[in-house]
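Note that the protein sequences, when read in sequence, are chains A and B.
For the first sequence, the working numbering gives the first residue as 117, with consecutive numbering after it.
For the second sequence, the working numbering gives the first residue as 8, with consecutive numbering after it.
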Amino acid sequence: GESQPFNQDSLQQRLQGLIDNARDSWTYGIFWQSSAVDYTSPSFLGWGDGYYKGEINKQKTTTSVSSLAEQEHRKKVLRELNSLISGTQMPENEAVDEEVTDTEWFFLISMTQSFVNGSGLPGQAMFSNQPVWIAGRERLLASQCERARQGEGFGLQTIVCIPSTNGVLELGSTELIFQSSDLMNEARVLFNFSY
Amino acid sequence: NKDLPLSRKKSLRRFLEKRKERQVSASPYAY
Chain A
117 GESQPFNQDS LQQRLQGLID NARDSWTYGI FWQSSAVDYT SPSFLGWGDG
167 YYKGEINKQK TTTSVSSLAE QEHRKKVLRE LNSLISGTQM PENEAVDEEV
217 TDTEWFFLIS MTQSFVNGSG LPGQAMFSNQ PVWIAGRERL LASQCERARQ
267 GEGFGLQTIV CIPSTNGVLE LGSTELIFQS SDLMNEARVL FNFSY
Chain B
8 NKDLPLSRKK SLRRFLEKRK ERQVSASPYA Y
């Protein structure tokens, strides 16, 4: 189909639509947006938008292996982030009582990441214009990419990066999900933007 | 910090709001 105009609200709708309607249980989706103006310019991939769905059938006792100190650190950061954006909607100093799960934390720290000149999983997918689909903890651990190994450390079993015209769609899951051409085709159509 | 780009602020706000909704719906006092 034709490319759709890009804006962040439509990007969020596409991420939600793809993940909520998928046959498989994806924990999150992130669109890494390319900074490239044309094919000859150097580029990096930065945060475009993300949608965190969470884990299906989450068992509190098994989802997190983080220590008490690590949990305190995560809660402190979440409290600070709540305060940061409370100027608009969130109440000030809102308590963060619930455990910050490993996948929530992985999603949050992803907001600070970017990938330069074909580096990292999303960068490799963009550079080669080929999807990267890593299913299985051993395969994630054996990856050359730090992000794959980091994801495994936070409980992911599957990470997928699908390149499109203006960036890369990354999906991650705590479930073992094998390659699906339907998903890749849908993602390529949904995330083919024009500016 | 205050220099957080707008796209990340929006993503962050959405993430925190959804997290709160999930906690409320999971609470034993929700129903």
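No residue lacks a Cβ here, since even glycine has one placed at the ideal position from N, Cα and C.
Here the structure is a predicted model, which is why all the values come from computation and not from measurement.
* Asked: By the 10 Å Cβ neighbour count, where 16 or more other Cβ atoms means buried, how is S183 of chain A classified, buried or exposed?
  -> exposed
* Identify whether E171 of chain A lies in helix, strand or coil by the three-state DSSP scheme. => DSSP places E171 of chain A in coil when its eight states are reduced to three.
* Residue of A:E196, A:V232, A:E215 and A:Y167 minimising C-alpha distance to A185 of chain A -> A:E215
* Asked: Exposed or buried, P12 of chain B, counting other C-beta atoms within 10 Å across all chains shown (16 or more means buried)?
  -> exposed
* Asked: Taking the C-alpha atoms as reference points, what is the distance between K191 of chain A and F147 of chain A?
  -> 26 Å
* When you compare only the Cα positions, how much space is there between T143 of chain A and I250 of chain A? -> 15 Å
* Rounded to a whole number of angstroms, what is the C-alpha to C-alpha distance between S141 of chain A and Y168 of chain A? -> If I take the Cα positions, the gap works out to 12 Å.
* **Simplified DSSP state of C261 of chain A, which is helix, strand or coil** => coil
* Terminal residues of the continuous alpha helix (DSSP H) containing V248 of chain A? -> Not the alpha helix (DSSP H): V248 of chain A falls in the beta strand (DSSP E), residues V248 to A251.
* Asked: Which residues of chain B have a Cβ atom closer than 9 Å to the Cβ of D136 of chain A, listed in chain order?
  -> What D136 of chain A touches in chain B: nothing, since even the nearest Cβ is about 12 Å away.
* Apply the 10 Å Cβ neighbour rule to N301 of chain A and answer buried if 16 or more other Cβ atoms are within range, or exposed otherwise. => exposed
* Segment contact, 8 Å Cβ cut-off, at least three pairs: the region 122 to 138 of chain A with the region 258 to 278 of chain A -> no
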